[in-house]
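Going by this note's numbering, 149 is the number at position 136 of the sequence shown; the sequence numbering is gapless. Below: the structure, in structure tokens.
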Amino acid sequence: MSTEGEGTSMNTPKVDWTINVSTMIAIGAVALGAGAWLLNLRDTVNAHTGQISGLTTAQAELILKRDARVLEVDRRLAAHDEVRYRVQAVEGALKSTNARVDASLANISTGLREINQTVGGLATNVAVLTQRLESQSPGRRASLEPVPER
Numbered sequence: 014m015s016t017e018g019e020g021t022s023m024n025t026p027k028v029d030w031t032i033n034v035s036t037m038i039a040i041g042a043v044a045l046g047a048g049a050w051l052l053n054l055r056d057t058v059n060a061h062t063g064q065i066s067g068l069t070t071a072q073a074e075l076i077l078k079r080d081a082r083v084l085e086v087d088r089r090l091a092a093h094d095e096v097r098y099r100v101q102a103v104e105g106a107l108k109s110t111n112a113r114v115d116a117s118l119a120n121i122s123t124g125l126r127e128i129n130q131t132v133g134g135l136a137t138n139v140a141v142l143t144q145r146l147e148s149q150s151p152g153r154r155a156s157l158e159p160v161p162e163r
């Protein structure tokens, strides 16, 4: 038995270039899909650059309406940022005003405390003077009026 040539045909790669109907349908579907995608991409690019030549009138109107809505939303967001900035500015001003009011109230409180101490000291002086007057003239009612001379 000769072993020469038995396994050689088995190891050689075999390429079958036969194209059947299902392969042709698949290739056609891929080609049509790629073509449709490219047309859609071209129309999208044209719409965004302002050239709406490849679109129908309804599609062009839809794109223009969508762009107008996007611009409106952008404008509203910008307005919200401006309002937020204004609110933050007012909050800062209110905080500084509150700090000044707190400082003023602290100064007023200190002044009232000093006035209270002064009034307390005056009350003590009046009590001491009243006691002295009563002790100097027993039986008589203390009075700040001068005593008539006799």
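Every residue gets a Cβ at the ideal spot worked out from N, C-alpha and C, and that includes glycine. Values in this document were obtained by computation on a predicted structure and should not be read as measured data.
Item	Value
Span separating the alpha-carbon of M37 from that of L45	12 angstroms
C-alpha distance - L75 paired with L84, whole-angstrom precision	14 angstroms
Under the three-state DSSP convention, the category T36 falls into	helix
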